[in-house]
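A.B. asks:
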Amino acid sequence: MKFRYLTLLVFGFGIWSVSAQDPIFTQSNYVQETINPAFSGFEDNDRISAGVLSRTQWPNLNLRINTQYAYANKSFDYGPSLGFGIGISALWQHESFNNYNFYQLNANYAHRVNLNGGWFFRPAIEVGFGFKDIRFRSLTLADQININTGVIAPTSVDPLSNNIENVFFADISSGFVFEKGEFNGKTYWFGFTAKHLNTPNISFVDGENLPLDIFFSVHGNYRFPFLNDYSIMLTANYMQQGQYNRLDVGSLFQVNEFLIGVTAATNPAKNDENSHLLTSINAFLGLEYKEFRFGLSYDINTSGIGRTDGVYEVSVTYLSRCRRCDTDRSRKR
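Quick note, the sequence shown lines up with residues -20 to -1, 1 to 313 if you use mature numbering (1 follows the signal peptide of the UniProt record, and there is no 0).
See the structure below:
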C-alpha cells in the first residue's frame, strides 16, 4: 500500500508559498489578456478575439504544475469617438505535489477614449470569482500512521485537520492601456495593471486572514516594419507581487505567416543569495493561418533549481475578420 506523508510544516509551507502568487504565462507578452483587462476589444472594428493557453511547468521535478487559460472578448464601435470592449476569461491551475486546485472566472469591460494625435486611452475594470481547493481531507498525516503495525488511524491530532475549508472569494482588478495608432507601419502601446485591489482573504484555515497581495504589472510593446514585408515587435513586462518581482524582455520576428520570438525572464529583486538574475530563456514559435494563430513556447531554465524539463506552453488564438475596414487589417499584436 502506498501512503502519502505530509507534516504540518510542509503543509503550511505549501499553502503560503504556492497559493499566494498569480500564475504567469510565458506567452503573456503575445496574449496580453492574461495580464491586463484593458485588452478586451483592443483590436476594434467589432472584431472578436478568443484563445486558449495550456502550460505545463517542471514535469520532471515532482513539482508538476498545469495551468489552463481561456478568454473571449469583442469590440463595439459606434463611430470614431465611441468604442468599448467586453470580455470573459477562465483560469484553472493544478499542482500535483500537494493536490492544490485554483479556479477563477472573470468578466471585464474596457472603454476607449480617443485622444489627440492618434492616441487612444483604454481604462478597464475586471470582476471575478475564485475558488481554491487543497483537498486536505484526502491526505494522510504522519501521526495517523503506526509505523510498527502499518495501521492508519481515521483521525489526526493536528488541530488544522478539522479546521480546513475550501476558499471562495470575489476579486476586483483594473488596468489601462495607452495606444498610438499605426503610422508608417509603426505601432506602440504601454499599459498598467493592478489585480486583487480588494486583497481577498485566501486562507484555508477557518477564522484566519491571509490577504492576497496586489499584483502590479507595467508593460509595453513597439512594433515596426523590417525589410518591407516583415516586422519586429519588442516587448517588456515588469511584474511585482509582494516581495517577488519579474522582468521579461523579448522580441518577436514575423516573416510572412511565421513568427519567431525569444524572451529573457529575469528576477531583479534577487530575494536571497542563491537567486539568479536570469532565470530562463524562453523560445517561441508561431504560425498564422487565416484567422488563427498557433503558438508553442519552451522555457530553458538557467537557475540552479535542477533538472526540471523546462516549461511548455501551447496556445491557439482567433481573431475575426475586420468588418469595418475596406481591406482586412492584420493583428495589432
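Every residue, glycine too, gets a C-beta built ideally from N, C-alpha and C.
Since the structure is predicted, the reported quantities are computational estimates derived from the model, not experimental observations.
Tell me the start and end of each unbroken beta strand (DSSP E) in the stretch 189 to 250 that is at least 3 residues and wholly inside, in chain order.
C.D. replies: 195 to 206, 210 to 221, 224 to 235, 238 to 246
A.B. asks: Are Leu85 and Phe109 close, meaning C-beta to C-beta below 8 Å?
C.D. replies: yes
A.B. asks: Between the beta-carbon of Leu33 and the beta-carbon of Ser197, is there less than 8 Å?
C.D. replies: Taking C-beta atoms as the reference points, Leu33 and Ser197 fail to come closer than 8 Å.
A.B. asks: I'd like the list of long-range same chain contacts for Lys312, defined as Cβ closer than 7 Å, with 5 residues on each side in sequence excluded.
C.D. replies: Phe22, Glu23, Thr167
A.B. asks: Can you give me the Cβ contacts of Phe111 inside the same chain, cut-off strictly under 6 Å, excluding the 5 residues immediately before and after it?
C.D. replies: Contacts found: Tyr83, Phe148.
A.B. asks: Evaluate Trp99 with the Cβ neighbour count: other Cβ atoms within 10 Å of its Cβ, from every protein chain shown; 16 or more gives buried, anything less gives exposed.
C.D. replies: exposed
A.B. asks: Let me make sure I understand the geometry here. Which of Phe195, Thr179, Phe206 has the alpha-carbon closest to that of Asn164?
C.D. replies: Scanning Phe195, Thr179, Phe206 for the CA closest to the CA of Asn164 turns up Phe206.
A.B. asks: According to DSSP, Glu106 sits in a beta bridge with which residue or residues?
C.D. replies: Asn88, Ser153
A.B. asks: Contact check, Arg304 vs Asp26 under 8 Å by CB: the rounded distance?
C.D. replies: 6 Å
A.B. asks: For Pro191, count neighbouring C-beta atoms within 10 Å of its own C-beta (all shown protein chains included) and say buried if the count is 16 or more, exposed if not.
C.D. replies: exposed
A.B. asks: On the CB-based measure, 16 or more other CB atoms within 10 Å of its CB, does Asn181 come out buried or exposed?
C.D. replies: exposed
A.B. asks: Decide if Asn251 is buried, meaning its Cβ has at least 16 other Cβ atoms within 10 Å, or exposed.
C.D. replies: exposed
A.B. asks: What span of residues does the beta strand (DSSP E) with Trp169 cover, start to end?
C.D. replies: Per DSSP, Trp169 belongs to the beta strand (DSSP E) from 166 to 175.
A.B. asks: Identify which residue in Ile114, Asn247, Gly200, Tyr210 has its Cα closest to the Cα of Leu257.
C.D. replies: Measuring from the Cα of Leu257, the nearest candidate turns out to be Asn247.
A.B. asks: Taking the straight line between their C-alpha atoms, what separation do you get for Phe158 and Gly187?
C.D. replies: 42 Å
A.B. asks: Specify, as a first and last residue, the run of the beta strand (DSSP E) that Asn262 falls within.
C.D. replies: 258 to 269
A.B. asks: Just to confirm, are Ala244 and Gly230 a CB contact at a threshold of 8 Å?
C.D. replies: yes
A.B. asks: So is Ala90 buried or exposed if we call it buried at 16+ other beta carbons inside 10 Å?
C.D. replies: buried
A.B. asks: Looking at the strands, I want to know which residues DSSP matches up with Leu299.
C.D. replies: Ser29
A.B. asks: What is the DSSP secondary structure of Thr47, reduced to helix, strand or coil?
C.D. replies: Looking at Thr47 - three-state DSSP - the assignment turns out to be strand.
A.B. asks: Per the DSSP calculation, Ile280 is bridged to which residue(s)?
C.D. replies: Ile261
A.B. asks: So, Asn189 versus Ser8, is the Cβ gap smaller than 8 Å?
C.D. replies: no
A.B. asks: Glu253: buried (16+ other C-beta within 10 angstroms of its C-beta) or exposed?
C.D. replies: exposed
A.B. asks: With 16 other CB atoms within 10 Å as the buried threshold, where does Ile132 fall?
C.D. replies: exposed
A.B. asks: What residue range does the beta strand (DSSP E) around Leu71 cover?
C.D. replies: According to the DSSP assignment, Leu71 belongs to the beta strand (DSSP E) that extends over 63 to 75.
A.B. asks: Per DSSP, what are the beta-bridge partners of Asp57 in this structure?
C.D. replies: Beta-bridge partners of Asp57 (DSSP): Gly63.
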